[in-house]
Structures are given as structure tokens and as C-alpha cells.
Amino acid sequence: MCKSAYLHVPFCKDICAYCDFTRCRYHAGLAEKWLKAIEKEIKQKLKGVTLDTFYIGGGTPSALTYHQLSRLLVMLKPYTRTCEEFTMEANVDSLDIEKIQLCKENYINRISLGVQSLQPELLKMIKRNHNKEDILRCIKELHSIGIDNISIDLIYGLPNQTMQMWKDDLKDIVEHFDIQHISLYALTIEEHSEFGRLHIKNIDEDIEADMYEYAVAYLKQNGFEHYEISNFAKAGKYSKHNMAYWDYDDFIGIGMGASGKQQHQRYDNTKNMQTYFEKGASPTIIQLNKSDEMFENIMMSLRTKKGLNIHQFEKRYEISFLKQYHKELKPLLDQHLLEHSDGYIHATEQGMEILNEILLKFLPDE
Ligand code: SF4
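The opening position of the sequence shown corresponds to residue -8 in this note's numbering, with each subsequent residue numbered one higher.
Here you go:
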């Protein structure tokens, strides 16, 4: 039974230069049509479901007008009232105090802000219309309304981003931002993004790796737990919704561009708006066999500090984990790249640095 659901809002006020997600520039008429289509999908997919976590992502959910956002949140109310964690992504240039109040009234208790950088020239280059003061204002307003669980996204590896800029941003954030969670993203140049079309090149791999390593050490020294390879949280402020992905639980995906996983199937909803309006989610379905699922479960769980829950794995797949993977585990445990403790297998700090190499060892034979 799914305990988590993700809903994708495809609208953004402006389009960022690196972005290749399912999104389009906000258009009032399209947003109205989209609301009608999503209402049908919500009723169909969430009927009879009791959720622990709900996540509205995008796109930029806060790009909807106050009234449109209100309609969406009211539609969701029967299903989100039980949620322990209800997150909405937002950009500071479209999240005003009225919308924050609306979020609070409709059970949203966590906001994830797309910050990306504090450097004016980098923000301009990626086409983000905010500055440090706007972000601080937004965080203050969120706290004033009582939404105290705030996460921010940051990007590293941007063209022209220097190590000093990255260090300055992290210092500023640690010293001045009253937030509980940070997600880091390494820039990938996607072919269909503006960066891709302009043939912008990635920065040097070594500099990018140094940026990541610096952030891990600095955030850890400053009260953030490195609980997942790219995620950091103050005590007790892990993303519960994302933990469901990393625990390889089933989840519902709603909206064009959303994905879900239920009962040994993964589905990817259409990314085409016209198809979505005319025919609904129209998902592409992938049937997962047992060995696909076992590998994906290992891959997702080893991303986290707590690691893979052996008992849960054995219950799911009716095999002995330690026996099944003895050949793969033994050298990794001996080399102190993985550790076995309290019913979990987790990557050590050293193991985390070469996690992709470790995961390859668990790849099922063709
Ligand atoms: S990065 Fe986020 S805000 Fe920017 S265009 Fe993409 S979805 Fe929209």
C-alpha cells in the first residue's frame, strides 16, 4: 500500500538555463485546463489511500496564482490531512506571504526553496530572478506564519563558479539562513536545456569533486547531518518523503511528467500537455522483475547513511540477503567500504566516495 505521493506542477514563471525538466512557462489558460485534468487524476489515484507524506514538486508550484494554488490544495485536502510531512517546492520570486498563509492553512508543513546560488552573476547566468535578500525575506516570512521546516536546493559545478564563490555561499547559508535541510545538485548539462543548446561545457571534474567534498565537510562541521549522498539535515529533519524513495517503498505519481512505483511496476506519466489534457496520465509502464527490484532497492538504500534494512529486504524478496550477496559483500566489508551493523548494511565514508563502483558489483547478470 502506497504511503507517499508526488504531484508534478509543470508551470514556471521563467525557464532556467540548465533546466530539462517537464515544465513550461506559466500560462493562465493552460493552468486552468491543467487544474481540471489533475482533479480527475487526483480523485482516481488517491481514492481510499491513506498517506504519510505528500510532495508537490515541479516545475514551480508557487508559480500558480493564489486562486489556482488554493484550488489545488483544496482538492488535495481529503488526502493530505493525515500526512506527517507535506512539502511544496517554491521559488522565492513567486511565494508571497498570502500564498505562505494559504499553504499553512492547507497542511503544508515543509517548503523546499530553489535557491541554487547566492552569487548575482551566477543567478543572472542561470536566469533566476532573485537575490540573497529575497531569500532571507522569504525564509523570515515562512517562519512568521509557522512553517519552520525549510529546505533549500543548491547547484555546484556551474560555468564560472569558483571554489571561493561556493565557499562564500555555504558560509552565508550556515551563518544567516534559518533552514533545516540542504540538497546539493551537481550541474549536468542537458542537451535540451539552454546550456545544452549553447554547447556550454561542464567545469573541470576535479573542481566539481572538490566542491562536493568541501560542502560535505563544512556542512557536517556546522550542524548538518550528511544523511544521504546529496542531502544534509539538522537533527530529525530528514526528508521523510525522500526517505520513502530511498527505502524503495511504493509511491504514487500524479500529473504530467510524474513517475510512480506500485506493485512491481514503474510508470512514467506522459510529458505531453495536449495528451495529458485529452487522455489523462497515459503512463508508460515498466514491469519490474525480482532481480531488477533487488538491485534498485540496494542502489537506493545504499545512498543513505543508515543504509539497507536487511530484515525488510529479506521480507520483500524472500531470500537471505547475506547469503545471496556473500560473494559481493565479503571484499567490500573486508576493505571497510561497507559496514554491517544493527541489521543494516551501509557504506562507510570511504565507501560513499566510490558508491557507483560499489553498486556495479550488485548489478544482476543479464
Ligand atoms: S529549474 Fe525549476 S524553476 Fe527552473 S525552469 Fe526548471 S523546473 Fe522551473
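Positions of the beta carbon are idealized from the N, C-alpha and C atoms, including for glycine.
Report task. Please name the residue or residues paired with lysine 90 in a DSSP beta bridge. Result -> Paired residues: none, contrary to the question.
Query raised in the report: According to DSSP, is methionine 285 helix, strand or coil?
Result: helix
Requested in this report: Give the C-beta separation of asparagine 97 and asparagine 140 to the nearest angstrom, bearing in mind that I take them to be a contact with Cβ-Cβ under 8 Å.
Outcome: Contact doesn't hold; Cβ gap of about 15 Å is too wide.
Report task. Could you tell me whether the stretch 201 to 209 touches the stretch 157 to 172, using the rule of 3 or more Cβ pairs below 8 Å? Result -> yes
**Report entry** Residues near histidine 183 by beta carbon distance below 7 Å, same chain, minus five either side
**Finding:** Asp11
Query raised in the report: Secondary structure at methionine 79, three-state DSSP: helix, strand or coil?
Result: strand
Query raised in the report: DSSP beta-bridge partners for asparagine 222?
Result: Ser174, Glu219
Query raised in the report: Do you know whose CA, among Gln254, Pro274, Phe268, lies nearest threonine 261's CA?
Result: Relative to threonine 261, the option among Gln254, Pro274, Phe268 whose CA is nearest is Pro274.
**Report entry** Coarse secondary structure for asparagine 300, derived from DSSP in three states
**Finding:** strand
Report task. Can you grab the Cα-Cα spacing for the pair asparagine 280 / aspartate 195, in whole Å? Result -> 39 Å
Query raised in the report: Say the cut is 6 Å; is the CB of threonine 51 nearer than that to a heavy atom of the ligand SF4?
Result: yes
Query raised in the report: From this set, Ala8, Pro1, Met(-8), Leu(-2), which residue's C-alpha is nearest glycine 187's C-alpha?
Result: Distance check between glycine 187 and each of Ala8, Pro1, Met(-8), Leu(-2) places Ala8 closest, using alpha-carbon atoms only.
Query raised in the report: Candidates His255, Tyr176, Asn288, Gly148: which alpha carbon is nearest glutamine 303's?
Result: Asn288
Requested in this report: Compare the C-alpha of tyrosine -3 against each of Leu55, Gln59, Tyr70 and name the closest.
Outcome: Tyr70
Query - N-terminal and C-terminal residue of the beta strand (DSSP E) that phenylalanine 45 is part of - result: 44 to 49
Query raised in the report: Can you give the Cα-Cα distance for glutamine 326 and isoleucine 277, rounded to whole angstroms?
Result: 36 Å
Report task. Spell out whether any CB of chain B is found under 7 Å from the CB atom of aspartate 169. Result -> Of the protein chains in the structure, only one exists, and it is not chain B.
Query raised in the report: Heavy atom of the ligand SF4 less than 6 Å from the Cβ of arginine 101, yes or no?
Result: no
**Report entry** Same chain, Cβ closer than 6 Å to histidine 121, five either side skipped, listed in chain order
**Finding:** Val83, Asp84
**Report entry** Three-pair Cβ contact test at 8 Å for the stretch 35 to 52 versus the stretch 214 to 225
**Finding:** no
Query raised in the report: In three-state DSSP terms, what is asparagine 233?
Result: Asparagine 233 falls in the helix class under three-state DSSP.
Query raised in the report: Between glycine 137 and isoleucine 191, what straight-line distance do the alpha-carbon atoms span, to the nearest angstrom?
Result: Straight-line Cα distance between these residues: approximately 41 Å.
Query raised in the report: Would a C-beta distance cut-off of 7 Å place leucine 37 and lysine -6 closer than the cut-off?
Result: no
Query raised in the report: Comparing the CB of isoleucine 143 with every heavy atom of the ligand PLP, is any distance shorter than 6 Å?
Result: The ligand PLP is absent from the structure shown, which contains only the ligand SF4.
Query raised in the report: How many Å lie between glycine 334 and lysine 228 at the Cα?
Result: Those two C-alpha atoms are separated by around 23 Å.
Query raised in the report: Is phenylalanine 215 near the ligand SF4, judged by its Cβ being under 6 Å from some heavy atom?
Result: No, Cβ of phenylalanine 215 sits at least 6 Å from all heavy atoms of the ligand SF4.
Query raised in the report: Between the Cα of methionine 291 and the Cα atoms of Ile336, Thr78, Lys270, which residue gives the shortest distance?
Result: Ile336
Requested in this report: Could you give the DSSP three-state label for valine 0: helix, strand or coil?
Outcome: strand
Query raised in the report: Nearest to tryptophan 237 by alpha carbon, out of Gly342, Tyr258, Arg119, Met285?
Result: Met285
Query - Residue range of the unbroken beta strand (DSSP E) whose run includes glycine 187 - result: Careful: glycine 187 lies outside any beta strand (DSSP E), inside the alpha helix (DSSP H) at 185 to 188.
Query raised in the report: Within this structure, are the beta carbons of aspartate 241 and lysine 225 separated by less than 7 Å?
Result: no
Requested in this report: Provide the residue span of the beta strand (DSSP E) that contains lysine 252, from first to last.
Outcome: 250 to 253
Query raised in the report: What span of residues does the beta strand (DSSP E) with aspartate 259 cover, start to end?
Result: 256 to 259
**Report entry** Counterpart residues of leucine 145 in DSSP-defined beta bridges
**Finding:** Gln107, Leu175
Query - Rounded Cβ spacing between phenylalanine 168 and isoleucine 130 (contact assumed at less than 8 Å) - result: The Cβ separation is near 6 Å, so the contact holds.
Query raised in the report: Candidates Tyr239, Gln265, Gly271: which alpha carbon is nearest glutamine 256's?
Result: Tyr239
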